[in-house]
Each structure stands twice: as C-alpha cells, then as structure tokens.
Amino acid sequence: MLYQIFYFFVIIFPIFIMGNDDCMGVRDVGYQCSDGVEEKRFYFHPKYNICSPFTYKGCGGNKNNFKTADLCKETCFDTVKSNITFELALKCNGTYTPNFKMDIQSCSSNDDNSCVEGFQCTNAICCPTKDYICSMEWDSGKEFNELRHIGRYAFKKEFGHCVRFSYFRHEGNLNNFLTYKECMDFCK
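Anchor point for the sequence shown: position 158 equals 287 in the numbering used here, and the numbering is continuous, going up by one each time.
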C-alpha cells in the first residue's frame, strides 16, 4: 500500500498537475504556409541552458519559439548564465549542470585531497562525483515567477532507479535530469 501511495504522488500526480512548459520542447522549425513568413527566431536548449537562433518557416511548430533572444532568456532563465558556466560543464565532463548554482573551487590535478568530500579534481576544477549527485535527495526547487511545474527525473538510490518529480524551474540540486533515460544512463 505504501508503495502505491508513493507511486501515485511521485509518478502519477505530477503528470496531471504539470502544464506544457514553453522552454522544454525540442526545436521545431514549423512548416511553410501562405499565411506565414520565414524569419529568425530563438529556442531554448535546456541541456545547455542557452537560447539559440533558428529559422522558423512561418506556421506550426511548438511553444519553444521566441521572437527575440531576450524574450527567450526572460522566459526560460532564472538568471542569464555566462559562457563560462557552459565551459565549466564541459570541464567537469558533464557532472556539472549549468542550471544550478555551485561555488567553483580550483584544484591541483595532482592533489585529489584539495576538493571537499563528494568532489574530485577534474581539469583543475573540483567537480561533483556521480555518486555524490545520484545520492542527493531530489529537490523541487523554488517557484519561478508563477506556479508552473515541469517533469524531471531524479535517481533514488534505495530503489535503484529514477523517479519522476515536479520541478519549479529555479534552484534545486544536481540530481535533476530531463529524461528517465538520461537519469539512468548517468547514475547506473
């Protein structure tokens, strides 16, 4: 019975309360039509936390489609991240996610003891280990402008798999993945 209650509140209930998030759809260029005009638009790439340009064909598509980069950033960022943050994600081999604020600590690559527990020195930066990330309890974050949930996945060590939870799009922690597959691939 306890498992059924857990399943309902963690897996089923979030599916019903979440609306479509304008920022989570894949880039969709739409299609050409007589009423539409082909033009430059911007879409949000959630994995890299950036707004990228694309050529919109004029009709169709999805809501991840903004007339200006500023509108995309205003809608999809809790704060505008710099390119430095993205570079840090690359240096940490994907264990650092630019969507989350972390204090960046430099380290000497020949001194593994220069990082705090749960972090290891990678490319002269203390990066979180997979075990550290995957053992964190999920964190729904804080409300961002309005009460809108998006579905995310977090690894639950005691179950040995990922579970879906509601994320409020602001703060939270690193145990936060866009898809079940991404979560399982990272933590298993």
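All C-beta atoms in this analysis are idealised placements derived from N, C-alpha and C, irrespective of residue type, glycine included.
Please read all numbers here as calculations on a predicted model, not as lab measurements.
Report task. Look up V209 in the DSSP assignment and say whether it is helix, strand or coil. Result -> In this predicted model, V209 has a pLDDT of only 36, less than 50, meaning its place in the structure is not dependable; the value taken from the coordinates is given anyway. It is coil, neither helix nor strand.
Query raised in the report: Which of the three DSSP states, helix, strand or coil, is assigned to T204?
Result: helix
Query raised in the report: Going by C-alpha distance, which of C256, L307, I254, F288 is nearest H278?
Result: L307
Query raised in the report: Ends of the alpha helix (DSSP H) at C244?
Result: Here C244 belongs to no alpha helix (DSSP H), and DSSP marks it neither H nor E.
Report task. Report yes if the C-beta distance between Y185 and E203 is below 8 Å; otherwise report no. Result -> no
Query - F183 versus E287 - alpha carbon distance - result: 42 Å
Query raised in the report: Alpha carbon to alpha carbon, what distance is there between G301 and K317?
Result: 21 Å
Query raised in the report: So which of G187, K192, F173 has the shortest CA-CA distance to D199?
Result: F173
Query - C-beta atoms of C152 and P175 nearer than 8 Å - result: yes
Query raised in the report: Short check: CB of C188 to CB of G154, under 8 Å?
Result: no
**Report entry** Three-state class that DSSP yields for C312 in the structure shown
**Finding:** helix
Report task. Give the straight-line distance between the Cα atoms of I179 and R170, rounded to the nearest whole angstrom. Result -> 14 Å
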